[in-house]
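Student: Following numbering that gives the first Met the number 0, the numbering of the first sequence begins with 0 at its first residue and continues without gaps.
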Amino acid sequence: MPISEGTGMTHLIDVLYERGFVEQTTHQDELREYLDQAGRSCYIGFDPTADSLHIGSLVPIMALAHVQRCGHIPIALVGGGTGLVGDPSGKTEMRKLLGPEDISRNAESIKSQLARFIDFEKDRALLLNNADWLAHLEYIPFLRDVGRHFSVNRMIRAESYKMRLESDEGLSFIEFNYMLLQAYDFLMLFDRHGCGLQMGGSDQWGNIVAGIDLIRRMRQKSAFGITFPLITTSSGAKMGKTEKGAVWLDAGKTSPYDYFQYWVNTDDRDVQRFLALFTFLPMAEIQEVETLSGADLNAAKRVLAFEATQLAHGLEAAKKAYHAAASMFGKGEIPAGLLSSSAIHKGEAEFGDAAVPRSTIDRKELESGIPAFQLFCRVGLTASGSAARRLVDQGGAYLNGERIPNFDTLISAKDLKEGAILLRAGKKRYHKLSVS
RNA sequence: GGUGGGGUUCCCGAGUGGUCAAAGGGAACAGACUGUAAAUCUGUCGGCGAAGCCUUCGGAGGUUCAAAUCCUCCCCCCACCA
């Protein structure tokens with residue numbers, strides 16, 4: 000592994016390639032040279048239209064974290080300016096326009112999420128908002144100074160536009176302008192922070208290259224770009240989609256337990272790839288996963304889940320989720336030699352269901368008994384009473400581990416075990432009910 | 001602005017007066033098999049304490065014993081023309 004001179008650190012480019020972050024790059028050799036020197040900055044844009052990031056943003060987040068770990072300065076750029084317009088791409092309904100207050104509130108919560116992965120102290124990383132320069136842009140000067148460098152002929156040949164131009168929905172003028180705005184972002188970051196590298200999803204290639212061109216034309220300097228592959232699961236689904244919708248990084252929207260469960264349920268074929276992308280465990284250890292199967296591979300999934308949860312929610316939350324999973328699904332030893340750098344080895348699996356979804360019920364109400372289907376619906380294990388009936392009819396509803404025979408079986412105080420009732424829907428979804 | 005086509009249940013997509021809570025596929029859920037995996041097979045898949053009732057087919061009205069299906073107006077999308 001080549002080491003960049005002086006820093007004693009692994010070269011960012013090598014790390015990104017090795018861990019599967021790279022789809023394509025511009026000028027490979029020059030880019031490597033650019034990153035030979037420590038303290039380079041590198042930016043990625045984030046969309047501030049929601050108040051939380053989700054798993055889909057994890058690849059860019061991890062990439063920025065690697066930027067920092069390799070001795071460079073990551074810049075997270077929140078698209079406050081572009082968010083004010085509302086990106087219409089691929090959306091069936093018009094996205095609601097966000098006001099500046101919404102954007103800055105979202106930017107704040109996004110920053111606090113990023114802060115778990117990236118150290119923002121002492122300018123070791125920056126969080127910027129492109130509204131700072133886009134909001135005051137004047138149209139005529141912009142066209143004269145920036146617009147003249149763009150050839151429409153070239154733009155419409157860009158892959159990202161091509162598809163839209165040929166599709167039924169077409170391409171709106173706003174969307175067409177995103178390339179200019181994003182190129183301008185890059186220029187501004189280059190001017191203000193000496194940022195010479197932009198990374199982004201593979202759909203951003205055209206926009207990134209446009210920024211590089213703009214910098215060359217207006218500043219006669221080189222800048223670089225890296226795109227990430229689109230990460231899909233081996234079964235073809237996009238990352239982070241579940242029946243409940245997106246898997247969020249915000250603990251209030253997706254609990255650490257559910258987050259942990261999402262990762263444990265990783266497809267066999269994805270475990271190794273995901274360990275490389277979504278944890279910081281050494282590649283030497285991750286490569287050994289290649290040879291695993293059966294129970295060992297399952298253990299590797301728990302390590303993946305533990306590490307990913309630790310990154311997003313901290314060590315304590317990861318432990319709780321892990322222990323909760325152990326008490327619901329069984330301990331399942333993690334072999335000592337497996338991915339041994341993980342903190343999962345520093346605490347034995349214990350039974351502790353603190354992270355299991357739970358709620359309370361009034362004692363009196365419970366004593367009079369509640370039909371099973373009503374209870375399942377009420378605690379949120381099913382979406383409706385009808386769904387709960389079906390669940391019980393199909394034998395998918397369990398009370399303290401026993402299958403519930405009829406949808407109207409009464410659940411009452413006599414079912415309390417150590418002060419609580421454990422409900423289960425299907426094989427994986429648990430809910431703990433205690434009396435208040 | 002004109003002409004033509006279209007908006008159907010989570011998604012795609014049939015359905016052109018009753019047999020429609022609406023074909024088919026996908027997704028999802030449950031069961032069996034397993035390893036909290038995949039694949040496969042079976043079942044389910046609007047709501048409601050059964051029969052039955054209620055709400056749904058872009059929106060609002062109307063015709064009819066009866067409408068997703070017919071009529072009127074409106075909204076939105078697409079194509080071509082201007």
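Every residue gets a Cβ at the ideal spot worked out from N, C-alpha and C, and that includes glycine.
Just how far apart, CA to CA, sit D101 and H192?
Tutor: Locating residue 101 in the first sequence gives position 102, counting from the first residue. Locating residue 192 in the first sequence gives position 193, counting from the first residue. Cα-Cα distance, rounded: 26 Å.
Student: For A348 and T253, I'd like the C-alpha separation in whole angstroms.
Tutor: If you number the first sequence from 1, residue 348 lands on position 349. If you number the first sequence from 1, residue 253 lands on position 254. For A348 and T253, the gap between their C-alpha atoms comes out near 23 Å.
Student: Going along the chain, which residues of its own chain have a beta-carbon closer than 7 Å to the beta-carbon of L57, five neighbours each way excluded?
Tutor: Counting from 1 along the first sequence, the entry for residue 57 is found at position 58. Excluding residues within five positions, the ones whose Cβ falls inside 7 Å are F277.
Student: Within a Cβ cutoff of 7 Å, which residues of the same chain sit near E284, ignoring the five residues on either side of it in sequence?
Tutor: Sequence index remark: in the first sequence, residue 284 carries index 285 (1-based). Closer than 7 Å at the Cβ level, and outside the excluded window around E284, lie L338, S339, S340.
Student: Measure the C-alpha to C-alpha separation of Y177 and A49 and round it to an integer number of angstroms.
Tutor: Numbered from 1 along the first sequence, position 178 holds the residue referred to as residue 177. Numbered from 1 along the first sequence, position 50 holds the residue referred to as residue 49. Each residue's Cα considered, the two are about 19 Å apart.
Student: Considering just the uninterrupted stretch of the alpha helix (DSSP H) at E39, what are its terminal residues?
Tutor: Along the first sequence, one-based indexing puts residue 39 at 40. Reading off the sequence, residue 39 comes out as Arg, not Glu. No alpha helix (DSSP H) holds R39; DSSP gives it neither H nor E.
Student: Does Q286 come out as helix, strand or coil in the three-state DSSP assignment?
Tutor: As a working note, residue 286 is residue 287 in the first sequence. Under the three-state reduction of DSSP, Q286 is assigned to helix.
Student: Would you kindly check if the distance between the Cβ of S201 and the Cβ of T226 is under 8 Å?
Tutor: Reading the first sequence from its first residue, position 227 is the one you call residue 226. Reading the first sequence from its first residue, position 202 is the one you call residue 201. It is a contact, given that the beta carbons lie within the stated cut-off.
Student: Could you check if V270 is buried or exposed, using at least 16 other CB atoms within 10 Å of its CB as the buried criterion?
Tutor: By 1-based counting over the first sequence, the position of residue 270 is 271. Looking at its Cβ environment, which holds 16 or more other Cβ atoms inside 10 Å, V270 is buried.
Student: Near L126, what residues of its chain come up, given a Cβ to Cβ distance below 6 Å and the 5 sequence neighbours on each side ignored?
Tutor: For the purposes of this step, residue 126 is taken as the residue at position 127 of the first sequence. A75, K110, listed in sequence order.
Student: Give the DSSP-derived three-state secondary structure of L76 in the structure shown.
Tutor: Position 77 of the first sequence, counted from the start, is the residue given in the question as residue 76. In the structure shown, L76 falls within a strand segment according to DSSP collapsed to helix, strand and coil.
Student: Indicate the three-state DSSP secondary structure (helix, strand or coil) for E364 in the structure shown.
Tutor: Looking up residue 364 in the first sequence gives position 365. Here E364 sits in helix by DSSP.
Student: I need the DSSP call for N399, collapsed to helix, strand or coil.
Tutor: Position 400 of the first sequence, counted from the first residue, corresponds to residue 399. The answer is coil: DSSP assigns N399 none of H, G, I, E or B.
Student: Using a threshold of 8 Å, state whether the C-beta atoms of L213 and A182 are closer than that.
Tutor: The sequence position of residue 213 within the first sequence is 214, counting from 1. The sequence position of residue 182 within the first sequence is 183, counting from 1. For L213 and A182, yes; Cβs fall inside 8 Å.
Student: How is V270 classed by DSSP in three states: helix, strand or coil?
Tutor: Residue mapping note: residue 270 aligns to position 271 of the first sequence, counting from 1. Reduced to three states, the DSSP call for V270 is helix.
Student: Of all the options A317, F175, R301, F45, which has the alpha carbon lying nearest to the alpha carbon of F328?
Tutor: The residue given as residue 328 occupies position 329 in the first sequence. When only C-alpha atoms are compared, the closest one is R301.
Student: How close, in whole Å, do the beta carbons of H322 and R216 come, if the pair is a contact with beta carbons under 8 Å?
Tutor: In the first sequence, residue 322 corresponds to position 323, counting from 1. In the first sequence, residue 216 corresponds to position 217, counting from 1. Between R216 and H322 the Cβ distance is about 57 Å, and since that is not below 8 Å, they are no contact.
Student: With a Cβ-Cβ cutoff of 8 Å, do P59 and G79 count as a contact?
Tutor: What you label residue 59 is simply residue 60 of the first sequence in a count that begins at 1. What you label residue 79 is simply residue 80 of the first sequence in a count that begins at 1. Taking 8 Å as the Cβ cut-off, P59 and G79 do not qualify as a contacting pair.
Student: Nearest to T265 by CA position, among N405, F305, G224, is which residue?
Tutor: Taking the first residue of the first sequence as position 1, residue 265 is located at position 266. Comparing Cα-Cα distances from T265 to each of N405, F305, G224, the minimum goes to F305.
Student: Can you look up A324 in the DSSP assignment and give me helix, strand or coil?
Tutor: Within the first sequence, the letter at position 325 stands for residue 324. In this structure, A324 counts as helix in the three-state DSSP scheme.
Student: According to DSSP, is F350 part of a helix, a strand, or is it coil?
Tutor: On the first sequence, position 351 is the one that residue 350 refers to. In this structure, F350 counts as coil in the three-state DSSP scheme.
Student: Kindly indicate which three-state DSSP category R357 falls into: helix, strand or coil?
Tutor: Here the question's residue 357 lines up with position 358 in the first sequence. If DSSP states are grouped into helix, strand and coil, R357 belongs with the strands.
Student: Give the DSSP-derived three-state secondary structure of L409 in the structure shown.
Tutor: For the purposes of this step, residue 409 is taken as the residue at position 410 of the first sequence. Strand at L409.
Student: When DSSP labels each residue in this structure, what does S111 get in the three-state scheme?
Tutor: On the first sequence, position 112 is the one that residue 111 refers to. DSSP places S111 in helix when its eight states are reduced to three.
Student: Measuring only the C-alpha atoms, how far is E29 from S40?
Tutor: The residue given as residue 29 occupies position 30 in the first sequence. The residue given as residue 40 occupies position 41 in the first sequence. Rounded to the nearest angstrom, the two C-alpha atoms are 15 Å apart.
Student: In angstroms, rounded to a whole number, what distance separates the CA positions of E287 and R31?
Tutor: Working through the first sequence from its first residue, we reach residue 287 at position 288. Working through the first sequence from its first residue, we reach residue 31 at position 32. Using only the alpha carbons, I get a separation of about 28 Å.
Student: Kindly identify the DSSP beta-bridge partner or partners of K416.
Tutor: In the first sequence, residue 416 corresponds to position 417, counting from 1. According to DSSP, K416 bridges with A419.
Student: Taking buried to mean at least 16 other C-beta atoms within 10 Å of its own C-beta, is K220 buried or exposed?
Tutor: Mapped onto the first sequence, residue 220 falls at position 221. It is exposed - the Cβ of K220 has fewer than 16 other Cβ atoms within 10 Å.
Student: Just grab the DSSP bridge partners of N128 for me.
Tutor: By 1-based counting over the first sequence, the position of residue 128 is 129. DSSP lists V77 as the beta-bridge partner residues of N128.
Student: Could you give the residue range of the alpha helix (DSSP H) that holds H65?
Tutor: Numbered from 1 along the first sequence, position 66 holds the residue referred to as residue 65. Per DSSP, H65 belongs to the alpha helix (DSSP H) from 57 to 68.
Student: Take V151 as the anchor and find which of F175, V434, E137 has the nearest alpha-carbon.
Tutor: Position 152 of the first sequence, counted from the first residue, corresponds to residue 151. Ranking F175, V434, E137 by Cα distance to V151 puts F175 first.
Student: Do A124 and V77 have their beta-carbon atoms positioned less than 8 Å apart in this structure?
Tutor: Counted from its first residue, the first sequence places residue 77 at position 78. Counted from its first residue, the first sequence places residue 124 at position 125. No, the pair does not count as a contact, with Cβ atoms beyond the cut-off.
Student: Of the choices L196, D257, L136, whose alpha-carbon is the least far from that of I54?
Tutor: Here residue 54 refers to the residue found at position 55 of the first sequence. The shortest C-alpha separation from I54 is found at D257.
Student: If you run the structure through DSSP and keep just helix, strand and coil, what is P140?
Tutor: Walking along the first sequence from the start, residue 140 turns up at place 141. Residue state, collapsed to three classes: helix.
Student: Answer with buried or exposed for I139, where buried requires no fewer than 16 other C-beta atoms within 10 angstroms of its C-beta.
Tutor: Within the first sequence, residue 139 is the residue found at index 140, counting from 1. Counting Cβ neighbours within 10 Å, I139 comes out exposed, since fewer than 16 surround it.
Student: So what does DSSP say about D86, is it helix, strand or coil?
Tutor: Numbered from its first residue, the first sequence carries residue 86 at position 87. Its pLDDT being 49, under 50, D86 is placed unreliably in this model, and the coordinates cannot settle the point.
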